[in-house]
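Colleague:
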Amino acid sequence: MKIFAETERFLLREILPEDEAGLFLLDSDPEVHTFLGNKPITRVEQARKNLQFIRQQYAENGIARWAVIDKNTNEFLGWSGLKRITQTINNHTNYYDLGYRFLKKHWGKGYATETAQATLYYAFHQLNLPEVFAMADIQNTGSRKVLEKVGFTLLETFSYEGMEHYWFQINQKDWKKKLPVATSTLS
Numbered sequence: 024m025k026i027f028a029e030t031e032r033f034l035l036r037e038i039l040p041e042d043e044a045g046l047f048l049l050d051s052d053p054e055v056h057t058f059l060g061n062k063p064i065t066r067v068e069q070a071r072k073n074l075q076f077i078r079q080q081y082a083e084n085g086i087a088r089w090a091v092i093d094k095n096t097n098e099f100l101g102w103s104g105l106k107r108i109t110q111t112i113n114n115h116t117n118y119y120d121l122g123y124r125f126l127k128k129h130w131g132k133g134y135a136t137e138t139a140q141a142t143l144y145y146a147f148h149q150l151n152l153p154e155v156f157a158m159a160d161i162q163n164t165g166s167r168k169v170l171e172k173v174g175f176t177l178l179e180t181f182s183y184e185g186m187e188h189y190w191f192q193i194n195q196k197d198w199k200k201k202l203p204v205a206t207s208t209l210s
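Using the working numbering, you'd call the opening residue of the sequence shown number 24 and step up by one each time.
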């Protein structure tokens, strides 16, 4: 098991087969999917397929979303982290996207902000990426606030899968100027 990052409250580690039940709870919740096309999964087999897809991304790209684990309880809270995007989205191809998704009972507790900060630290200090992108449905004000809080700049809106989205970017130079980060990243 690889741990990519650690924050005050969380371990951010590779998603493992043991996370299947947590992924099912997460992705079968219609409220979690409100801004994700309203397509929650309905069968555990779908969670297993998603898990296998994520694990394949580790093998192919060396990076994928990370399981967010509570350090005190060892509970799966959701996922956060980077994903290498190889298809074209908003005229961009082969870039790194920051994303996060948490079980509803954990919303509003600062988890997305804390894990996004740790992800950016990893992106810019461990991977030495020049920039990271993110996108959010324009109605998802919570996600927009998180992205702006951790230093992303809103560049534009665009249509993706029939819905309007915000397109964000942060580059390494600007990130280093904007945010002192109180996270530790493991290598």
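Glycine residues also receive a C-beta, built at the ideal position from the N, C-alpha and C atoms.
Out of curiosity, what's the CA-to-CA distance linking N163 and I77?
Modeller: Taking the straight line from one Cα to the other gives about 24 Å.
Colleague: Between the Cα of Y183 and those of W89, N114, E171, spot the shortest distance and give me the residue it belongs to.
Modeller: Residue N114 is the option with its Cα nearest to Y183.
Colleague: Would T136 and K106 be called neighbours here (beta carbons separated by less than 7 Å)?
Modeller: Contact: no.
Colleague: If you follow the alpha helix (DSSP H) that L143 is in, where does it begin and where does it stop?
Modeller: Run containing L143: 134-144, per the alpha helix (DSSP H) assignment.
Colleague: Could you check what DSSP says for R66 in three-state terms: helix, strand or coil?
Modeller: Looking at R66 - three-state DSSP - the assignment turns out to be coil, as it is neither helix nor strand.
Colleague: Suppose you measure from the CA of V123 to the CA of Q192; what does that come to, to the nearest Å?
Modeller: Correcting the residue type first, residue 123 is Tyr in the shown sequence and not Val. If you take the alpha carbons of Y123 and Q192, they lie about 16 Å apart.
Colleague: To the nearest angstrom, how far is the alpha carbon of E83 from that of D120?
Modeller: Rounded to the nearest angstrom, the two C-alpha atoms are 16 Å apart.
Colleague: If you reduce the DSSP assignment to three classes, tell me which class S185 lands in.
Modeller: Note that residue 185 is Gly in the sequence shown here, rather than Ser. Three-state result, G185: coil.
Colleague: Run through DSSP, which three-state label would R124 get?
Modeller: R124: strand per DSSP, three-state reduction.
Colleague: Suppose you measure from the CA of F147 to the CA of A44; what does that come to, to the nearest Å?
Modeller: One C-alpha to the other measures close to 32 Å.
Colleague: Cα-Cα, which of T109, Y145, V91 is closest to W18?
Modeller: This structure does not reach residue 18, given that the chain is present from 24 up to 210, and the question cannot be answered.
Colleague: So D230 and P63 are supposed to be a Cβ contact under 8 Å. How far apart are they, rounded?
Modeller: Residue 230 lies beyond the range of the chain shown here (24 to 210); nothing can be said about it.
Colleague: Once DSSP output is grouped into helix, strand and coil, what is the label at W102?
Modeller: W102 falls in the strand class under three-state DSSP.
Colleague: Measuring CA to CA, which of L143, V169, E179, T180 is closest to N194?
Modeller: The candidate whose alpha carbon is nearest that of N194 is L143.
Colleague: Within the continuous alpha helix (DSSP H) that includes W89, where are the two ends?
Modeller: From DSSP, W89 is part of no alpha helix (DSSP H) but of the beta strand (DSSP E) over 88-93.
Colleague: For V155, which of helix, strand or coil comes out of DSSP?
Modeller: The answer is strand: DSSP assigns V155 an E or B state.
Colleague: Which value, in whole angstroms, describes the spacing of the CA atoms of W89 and A70?
Modeller: Computed Cα separation, rounded: 15 Å.
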